[in-house]
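Down below is the structure, laid out as structure tokens.
Below, the structure is given as structure tokens:
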């Protein structure tokens, strides 16, 4: 039995949640799940319809983006995943989708303002939209550079990837991550819903203010602080 | 057999309607059902996915917010429910969701204008949006104060909780209630649909007028007045 | 076997299409089907959830709105149906819903402009929005007067109910009709989709022009003219 | 066994994908699949509900629009399909729908701007909206002329039908095509999603810029260029 079976299975299950949560049309999305001990991650093969996915066809790739095991070509976004795993050593899974509302914000090249507690339950900041990449980065090692565009954005804004587990890449689409596949997919779905609510909020009130600091802090603390009292 | 079984079962069934009616993503909502004779209510355990809910795990809490029975931690919003039961003695169930359109109006910090008979069949007033809470209330006993923010809003506007069975808490999300679990969930779903229709109405005609008084009165009376002729 | 069985069955089946087509929330809609020879129509009982409907509980009412047979209270909108059957002698079924987009246009008090061939396949005019009723009509025999508000609107605009099989009642919601239950429900669903497309059209281009006359005529004729070539 | 059985079966399967992908209401759409060796195509019979479709009732038509085999009347749009097959000799299937967002852009008479990589994965240009047809074309051989309106638009803009596999016909609705039925339906669904995202993008940022050339080129090349690395 393969030593990669656990992450292949976790990766398969996480990928299959994307169509269930209406986060993908056709094959417009992918999830990877890492094994930090082995220094590799499992990722969806490129262009395979979800209904045809099989767990043991998840491709095994190392953190430099080199294929370690598998007969199929991995997701075309594999190098972006590799960079994020390499640079951010506490994430265990990554999700990329073209979910409708989050992608619309990315195309609009705007951060998603923090308008309410649904957002504050997950983040204390506007969800960042990294600017479109420079022509040099695009014409170079594109997917590799996409990873660094994400990391640079976090560094410039002094954000922690452990607190803010999602980003929009300008003109492109969202990425989300987490400690494991379930959490990363959860974050991708939360991002889509927060994006939809923020869009509607501005339509209903173009001058809607950002959430006040006391509420941002309260909702974050009750779910993630040292005295958190949400969940079991 | 537990004396709480009836409200646990009613609470379980009411909670399970939330995903069926598309009112919740993941665990972003909760329903409680009270037994006025016993002076307690049953409420969803915190953070448990709907598909994993079990009726006898509904937590039993008194109207001061103290756990009376149950091994799980109750919803993080439990104290808000407790305050409403304590202050408003004729409500039998409470629903809290982050349903998309109602939450967008809450984030926009606007009352939902009464634009048509769909609204007037259920309310005679704009659906109130309580202002965001003061920093003192937020930093104090937050969920407890959320209950009082709701009650204060009704008192200031001289609204009756028996007639208007729903509210938006500014920057947060909606609450609805009713004589029992089914009615409270019904009200939460009506609020979401009325919120959606009002949003679309303003998009189609930014100068759409409020419903005229004669229609407000007629639709309310035919469904709720002493000579009501709606239903069996 | 009851002589009303055929229309009760047809009425039951037509009503059951409303939730399938996402045209109703809870009980916010009703369908009636007439038997012109017997001078009566079958209509949904008031306030009964669709899942609990039974064909032989459809209430039989005459064209003056008097109950002829049945133990249940008919839809609160029954008199509106009666007036339309009495005044327009070629319609065989009527549908009333509060479908989301059509209701939003009714609340916005605007006709739905004819923007494309989807609309022209079914109508050659903007879909009329009758103005909100006068206070006298509302305070009088309300549902009866609603029927006359619809008929007056058609008369004033010189529209034919045989060509235009749908209307919005201002501040209220849509009505549609047709030769039988299936056609009336079809019209209600077409109205909802046309309402949605027209809303989006104006959002995408606030100056979108109405459809040109040649296209209006062509699409109408190819589906409904004497040399129609649509369908079998 | 009929020599048309293969395209009838492929045509049937492609048509049945339209309701699954939410691209049609009732019968508002049709797919055809061609056999280039036989010089014919199979197309949906006119006005038949999808649930009643049967593969061997797909009508066989030649590239001049003449019925070759079949007892039913073909889609009213058949001549438009015939013209496209005749003029563009490398397409194997055509889809016409009135899908909601694409139709709204057609009614708005606007090209869909290329705002992001979801679009660039499939096209390098704004999705063209052919202007509404002249009165002469409409009053003449309408469906035949609709085909030429599409071809004229591509010629005037110097677009290749092999690269851009979709178009909006102003005031009407979208057409898409591809090498086979699956690809043509895929293109129709991508068009609908791109139309929806572009609408939302402009709502979120009315000044959203078009995608930069480097990204347009990169995404097209990685999926369709000579060194493409998307898919298996």
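Residue numbers (the working numbering), protein chains in the order written: chain A, -10 to 221; chain B, -10 to 221; chain C, -10 to 221; chain D, -10 to 221. Here a beta-carbon is modelled for each residue, glycine too, at the ideal position from N, C-alpha and C.
Point to revise | alpha helix (DSSP H) runs contained entirely in the stretch 121 to 172 of chain A, provided each spans 4 or more residues | key: If we require 4 residues or more, the alpha helix (DSSP H) runs fully inside the stretch 121 to 172 of chain A come out as 124 to 128, 131 to 145.
Review point. Do you know whose CA, among D/126, D/158, D/4, lies nearest residue 92 of chain D's CA?
Key: It is D/158 whose Cα lies nearest to the Cα of residue 92 of chain D.
Point to revise | Inter-residue Cα distance where the pair is residue 63 of chain D and residue 47 of chain D | key: Note on geometry: alpha-carbon atoms of residue 63 of chain D and residue 47 of chain D lie some 8 Å from one another.
Review point. Is the shortest distance between the beta-carbon of residue 57 of chain B and the beta-carbons of chain F less than 8 Å?
Key: Considering every chain present, this structure includes no chain F. Its protein chains are A, B, C and D.
**Study point:** chain C residues whose Cβ lies nearer than 8 Å to that of residue 36 of chain D
**Key:** Neighbours of residue 36 of chain D on chain C, chain order: 219, 220, 221.
Point to revise | Minimum length 3: unbroken beta strand (DSSP E) runs contained in the stretch 47 to 113 of chain D | key: List check, beta strand (DSSP E) in window: 48 to 51, 56 to 58, 82 to 86.
Practice item. Establish whether the CB of residue 207 of chain B and some CB of chain C are separated by less than 8 Å. Key: Chain C contact via Cβ: present.
Point to revise | Span separating the alpha-carbon of residue 103 of chain B from that of residue 148 of chain D | key: Residue 103 of chain B and residue 148 of chain D: Cα-Cα distance of roughly 50 Å.
Check your understanding: Leaving out five residues before and five after residue 191 of chain A in sequence, what residues of the same chain have Cβ atoms less than 7 Å from its Cβ?
Key -> Result list for residue 191 of chain A: 197, in chain order.
Exercise for review: Could you say which of A/133, A/140, A/88 lies nearest to residue 17 of chain A if we only look at CA atoms?
Suggested key: Among A/133, A/140, A/88, the Cα nearest to that of residue 17 of chain A belongs to A/88.
**Study point:** Span separating the alpha-carbon of residue 133 of chain D from that of residue 72 of chain D
**Key:** One alpha carbon belongs to residue 133 of chain D, the other to residue 72 of chain D, and they sit about 7 Å apart.
Review point. When the Cα atoms are used, what is the spatial distance from residue 201 of chain C to residue 208 of chain C?
Key: C-alpha separation (whole angstroms): 11 Å.
Point to revise | Contact residues within the stretch 144 to 173 of chain D, judged by C-beta distance below 7 Å to chain C | key: The stretch 144 to 173 of chain D vs chain C, Cβ under 7 Å: 160, 161, 162.
Check your understanding: Can you find a C-beta in chain B that's less than 8 Å from the C-beta of residue 98 of chain C?
Key -> Residue contact check for residue 98 of chain C against chain B: a CB pair falls below 8 Å.
Check your understanding: Among the residues of its own chain, which have a CB less than 6 Å from the CB of residue 84 of chain C, if the five just before and after it don't count?
Key -> Taking C-beta separations shorter than 6 Å and ignoring five residues to either side along the sequence, the partners of residue 84 of chain C in its chain run 20, 165, 173, 174, 177, following chain order.
**Study point:** Of the residues D/116, D/124, D/1, D/40, the one placed nearest residue 254 of chain D, counting alpha carbons only
**Key:** Since the first residue of chain D shown is -10 and the last is 221, residue 254 of chain D is not available in this structure.
Point to revise | Against chain D: residues of the stretch 73 to 101 of chain A by CB proximity under 8 Å | key: Correct list: 87, 89, 90, 92, 93, 94, 95, 96, 97, 98, 99.
Point to revise | Local conformation of residue 24 of chain B per DSSP, three classes | key: Residue 24 of chain B falls in the strand class under three-state DSSP.
Review point. Which residues, in order along the stretch 116 to 146 of chain C, keep a beta-carbon less than 7 Å from a beta-carbon of chain B?
Key: Taking a C-beta cut-off of 7 Å against chain B, the contacting residues of the stretch 116 to 146 of chain C are 121, 124, 127, 128, 131, listed in chain order.
Exercise for review: Note down, in chain order, each residue of its chain lying with its Cβ closer than 7 Å to the Cβ of residue 77 of chain B, except the 5 sequence neighbours on either side.
Suggested key: Exclusion of the five residues before and after residue 77 of chain B leaves 150 as the residues of its chain whose Cβ lies within less than 7 Å of its Cβ.
Exercise for review: Have a look at residue 94 of chain B and residue 185 of chain B and give me their C-alpha separation to the nearest angstrom.
Suggested key: About 9 Å.
Check your understanding: How about residue 67 of chain A: is its C-beta nearer than 8 Å to some C-beta of chain B?
Key -> No - not a single Cβ of chain B is within 8 Å of the one on residue 67 of chain A.
Point to revise | C-alpha distance - residue 97 of chain D paired with residue 101 of chain C, whole-angstrom precision | key: Residue 97 of chain D and residue 101 of chain C have their C-alpha atoms roughly 14 Å apart.
Review point. Is residue 27 of chain D near residue -8 of chain D, with beta carbons less than 8 Å apart?
Key: If you check the CB distance, residue 27 of chain D and residue -8 of chain D come in under 8 Å.
Check your understanding: Do you know offhand how far residue 211 of chain B's Cα is from residue 35 of chain C's?
Key -> Distance from the CA of residue 211 of chain B to the CA of residue 35 of chain C, rounded to the nearest whole angstrom, comes to 12 Å.
Review point. DSSP on residue 117 of chain B, reduced to helix/strand/coil?
Key: DSSP places residue 117 of chain B in coil when its eight states are reduced to three.
Exercise for review: With 9 Å as the C-beta to C-beta threshold (strictly closer), list the residues of the stretch 9 to 22 of chain D near chain A in chain order.
Suggested key: Listed in sequence order: 10.
Check your understanding: If the cut is a Cβ gap below 7 Å, which residues of chain B does residue 61 of chain C touch?
Key -> Residues of chain B passing the Cβ test: 221.
Practice item. Could you name the residues of chain A that residue 192 of chain B contacts, counting a contact when the two beta carbons are closer than 8 Å? Key: Near residue 192 of chain B (Cβ distances below 8 Å), the residues of chain A are 192.
Point to revise | First through last residue of the beta strand (DSSP E) which encompasses residue 31 of chain D | key: Per DSSP, residue 31 of chain D is one residue of the beta strand (DSSP E) stretching across 29 to 32.
Check your understanding: Taking the alpha carbon of residue 44 of chain D as the point to measure from, which residue in D/-4, D/145, D/29, D/52 has its own alpha carbon closest?
Key -> Checking every option, the nearest Cα to that of residue 44 of chain D belongs to D/-4.
Review point. What's the call for residue 66 of chain C, buried or exposed, on a 16-neighbour Cβ count within 10 Å?
Key: Classification for residue 66 of chain C: buried.
Check your understanding: What residues are listed by DSSP as bridge partners for residue 4 of chain C?
Key -> Beta-bridge pairing links residue 4 of chain C to no other residue.
Check your understanding: By Cβ distance below 6 Å, which residues in the same chain neighbour residue 222 of chain C in space, the five residues on each side in sequence not counted?
Key -> The question about residue 222 of chain C has no answer here: the residues shown for chain C are numbered -10 through 221.
**Study point:** Nearest-angstrom Cβ-Cβ length linking residue 139 of chain B and residue 156 of chain B, presumed shorter than 8 Å
**Key:** About 6 Å; that satisfies the 8 Å criterion.
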